[in-house]
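Asker: Sequence positions in the sequence shown follow our numbering and run 343 to 607.
A virtual CB, placed ideally from N, CA and C, is assigned to each residue, including glycine.
A single structure is presented below for examination.
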Amino acid sequence: MGTLSALTTGWWGGISDRLGRTKVMAVGLLGYLFTDFMFIIVARNARWLVPFGGHNILILGPIMEGLAGGFSTVTAAVNSYVSDVTAHGSRSNAFSTMQGILFIGVAAGPAFSSILLKWTTSDILVIFTVSVLVSLVNIIYAIFILPESLTDEIREERDRKRKAEREEHLATHPSHAAPHQSWWARIKARLADLVEPVALFLPHGNDWRLTLVGIAFFACFLTVGLYPLKLLYAEHRFGWTSVEMGSYLTIIGSLRAAHLLVIIP
343 MGTLSALTTG WWGGISDRLG RTKVMAVGLL GYLFTDFMFI IVARNARWLV PFGGHNILIL
403 GPIMEGLAGG FSTVTAAVNS YVSDVTAHGS RSNAFSTMQG ILFIGVAAGP AFSSILLKWT
463 TSDILVIFTV SVLVSLVNII YAIFILPESL TDEIREERDR KRKAEREEHL ATHPSHAAPH
523 QSWWARIKAR LADLVEPVAL FLPHGNDWRL TLVGIAFFAC FLTVGLYPLK LLYAEHRFGW
583 TSVEMGSYLT IIGSLRAAHL LVIIP
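Laid out in structure tokens, this is it:
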């Protein structure tokens with residue numbers, strides 16, 4: 343999922359510039375929904391799915407989520423939305439507030455799951471069912487309720503600029519025109535479109551600022567990616583259950599939310 347998200351996030355970002363932020367948010371959320379839905383389907387019907395690969399079918403969830411852009415695409419779309427609707431001087435505070443709200447959800451989700459498992463039911467699939475319903479509500483909200491931040495005028499202006507750049511490129515490189523390209527060249531062009539946004543982090547001359555920011559961001563999310571290993575260690579070493587893991591994640595999320603909403607502003 344991480345590799346696919348890394349390859350598709352830039353592409354989905356371009357789509358959000360053309361079609362709108364809310365549509366891309368909905369696509370990313372649909373990936374979340376599909377992953378949780380696959381857990382439910384496989385867990386409830388494991389015996390019947392043996393001829394089709396059994397539990398290996400779970401891999402379809404992360405694949406679809408990665409193709410939909412995953413967490414990084416949803417975050418990018420939300421940040422773009424915030425950037426569209428806020429004044430230039432207030433964006434840093436708005437981004438900090440949004441991240442703080444995000445971590446309030448990160449804290450509340452595990453806490454709610456722990457309470458649900460401890461006091462109502464021991465069936466962990468109930469958590470996945472709730473997650474699917476929440477994702478569905480978010481998708482409906484993004485499509486039908488949340489106003490689109492990218493106005494038609496801005497989109498039309500960007501389309502004109504993009505077409506002008508394309509025509510200028512074809513004027514200097516006529517062999518790149520679609521009728522003159524082989525099928526293999528067209529495939530390579532499409533693949534290049536997927537990885538082209540990553541080139542943004544390459545150094546430009548002596549300017550390494552974006553490169554260093556990208557490396558720092560990678561290192562930050564590398565530590566976040568270690569959470570599953572930490573939870574597995576706690577499960578095997580201390581016998582933690584889903585309740586203790588939920589409490590652990592709630593504490594981390596609460597501290598991050600407090601830091602972003604109270605300390606940084």
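Kindly confirm or deny that the stretch 577–590 and the stretch 447–459 touch, where touching means at least three C-beta pairs closer than 8 Å.
Answerer: Here the stretch 577–590 makes contact with the stretch 447–459; the two share three or more CB pairs at distances below 8 Å.
Asker: When the Cα of Val-472 is compared with those of Gly-356, Val-369, Glu-577 and Phe-381, which residue comes out closest?
Answerer: Phe-381
Asker: For a quick check, are the C-beta atoms of Gly-411 and Thr-350 less than 7 Å apart?
Answerer: Against a cut-off of 7 Å, the Cβ pair of Thr-350 and Gly-411 comes out as a contact.
Asker: Per DSSP, which one or two residues make a beta bridge with Asp-549?
Answerer: His-546
Asker: To the nearest angstrom, how far is it from the Cα of Thr-493 to the Cα of Arg-504?
Answerer: A straight line joining the alpha-carbon of Thr-493 with that of Arg-504 spans about 17 Å.
Asker: Any contact of the stretch 351–368 with the stretch 404–420, i.e. 3+ C-beta pairs under 8 Å?
Answerer: yes
Asker: Using the beta-carbon count (16 or more within 10 Å), is Leu-475 buried or exposed?
Answerer: exposed
Asker: From which residue to which residue does the alpha helix (DSSP H) around Trp-353 run?
Answerer: Per DSSP, Trp-353 belongs to the alpha helix (DSSP H) from 344–361.
Asker: Start and end of the alpha helix (DSSP H) containing Asn-435?
Answerer: 433–461
Asker: Going by beta-carbon coordinates alone, are Gly-373 and Leu-602 separated by less than 7 Å?
Answerer: If you check the CB distance, Gly-373 and Leu-602 do not come in under 7 Å.
Asker: Report the option in Thr-345, Ser-347 and Ser-358 whose CA atom is closest to the CA atom of Val-501.
Answerer: In the sequence as presented, Val is not what sits at residue 501; that position holds Asp. The shortest C-alpha to C-alpha distance from Asp-501 to any of Thr-345, Ser-347 and Ser-358 is the one to Ser-358.
Asker: Determine the DSSP secondary structure at Gly-396, reduced to helix, strand or coil.
Answerer: Gly-396 sits in a helix when the DSSP states are folded into three classes.
Asker: Return the CA-CA distance between Leu-616 and Ala-484, expressed in angstroms with no decimal places.
Answerer: For residue 616 there is no data in the structure shown, the boundaries of the chain being 343 and 607.
Asker: Got a sec, what are the start and stop residues for the alpha helix (DSSP H) Ser-646 sits in?
Answerer: With the chain covering only 343 through 607, there is no way to say anything about residue 646.
Asker: Might you give, ordered along the chain, the residues of its own chain that have their beta carbon closer than 6 Å to the beta carbon of Ser-596, omitting 5 neighbours on each side?
Answerer: Ala-449
Asker: Using the three-state DSSP reduction, which class does Asn-387 fall into: helix, strand or coil?
Answerer: Asn-387: coil per DSSP, three-state reduction.
Asker: If you draw a straight line from the C-alpha of Ser-584 to the C-alpha of Phe-376, how long is it?
Answerer: Per the coordinates, the alpha-carbon of Ser-584 lies some 22 Å from the alpha-carbon of Phe-376.
Asker: Mind checking whether Val-416 and Gly-370 have CB atoms under 7 Å apart?
Answerer: yes
Asker: Going by Cα to Cα distance, which pick from Arg-386, Phe-560 and Leu-444 is closest to Gly-344?
Answerer: Phe-560
Asker: Would you mind sorting Phe-445 into buried or exposed? The rule is 16 or more other CB atoms within 10 Å of its CB.
Answerer: buried
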